[in-house]
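Read the structure below first, then the notes.
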């Protein structure tokens with residue numbers, strides 16, 4: 014038994030350190046270690062799930078409880094929806110890592126979506142909590158819903174190009190309807 018274990022260890026050591034094939038495979042850029050280094054840890058997946066579930070819960074509460082009474086209390090809808098959106102974005106920070114997600118969101122092609130989404134979130138909070146304006150709260154909430162949809166769709170492959178095509182088609186249709 015000891016001899017089998019010893020011989021297996023010697024054979025493994027020999028082939029792992031002296032074999033050209035093993036060394037060549039170890040030096041390839043697409044080896045197992047580099048392929049699995051981008052997989053998030055179990056802890057990151059738990060945080061992602063908890064933050065995403067919390068965000069979906071707040072958005073669900075905003076639409077089911079506060080949307081029907083938005084005329085009476087637009088602040089509650091705005092706050093609940095904005096907190097839900099912040100949790101959803103935060104979930105991706107926990108999944109990808111803060112620096113990776115921040116650099117991804119601030120890249121040249123993603124920056125307009127990010128600024129639009131964050132601007133609509135801040136505007137919603139400002140007009141609902143500081144100005145206490147019903148009309149502006151509803152307007153910024155609609156802008157935030159559109160920015161969230163635009164932001165989420167832009168993550169899909171071809172999403173940015175598809176959104177640009179759809180928005181240009183809608184713009185030209187609206188302009189044709191009004192005689193321009």
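Numbering (my numbering), first residue to last: 14 to 193. Just so it is clear, CB atoms sit at the ideal spot from N, CA and C, and this is done for glycine as well.
Do you know offhand how far residue i's Cα is from residue j's?
i	j	result
residue 124	residue 191	32 angstroms
residue 113	residue 189	43 angstroms
residue 121	residue 174	15 angstroms
residue 82	residue 137	17 angstroms
residue 58	residue 107	8 angstroms
residue 164	residue 158	10 angstroms
residue 116	residue 181	28 angstroms
residue 77	residue 150	17 angstroms
residue 184	residue 56	45 angstroms
Leaving out the 5 sequence neighbours to the left and right, which residues in its chain are closer than 7 angstroms to residue i when beta-carbon positions are compared?
i	result
residue 104	61, 64, 65, 68
residue 161	98, 130
residue 96	71
residue 90	75, 79, 80, 83, 154
Within its chain, find whatever has a CB closer than 8 angstroms to the CB of residue i; leave out the 5 residues flanking it on each side and keep chain order.
i	result
residue 86	79
Nearest to residue i by alpha carbon, out of the options?
i	options	result
residue 145	58, 88, 180	88
residue 132	142, 156, 149, 111	156
residue 11	181, 127, 186	Residue 11 lies beyond the residue range present for the chain, which begins at 14 and ends at 193; the question has no answer from this structure.
residue 54	93, 109, 100	109
residue 142	93, 184, 77	93
Assign residue i to buried or exposed, taking buried as 16 or more other Cβ atoms, counted over all protein chains shown, within 10 Å of its Cβ.
i	result
residue 118	buried
residue 73	exposed
residue 134	buried
residue 186	exposed
residue 100	buried
Scan the stretch 124–184 and note each continuous alpha helix (DSSP H) run of 4 residues or more that stays entirely inside, going in chain order. 124–142, 147–166
Entirely enclosed alpha helix (DSSP H) segments - the stretch 70–94, minimum 4 residues: none
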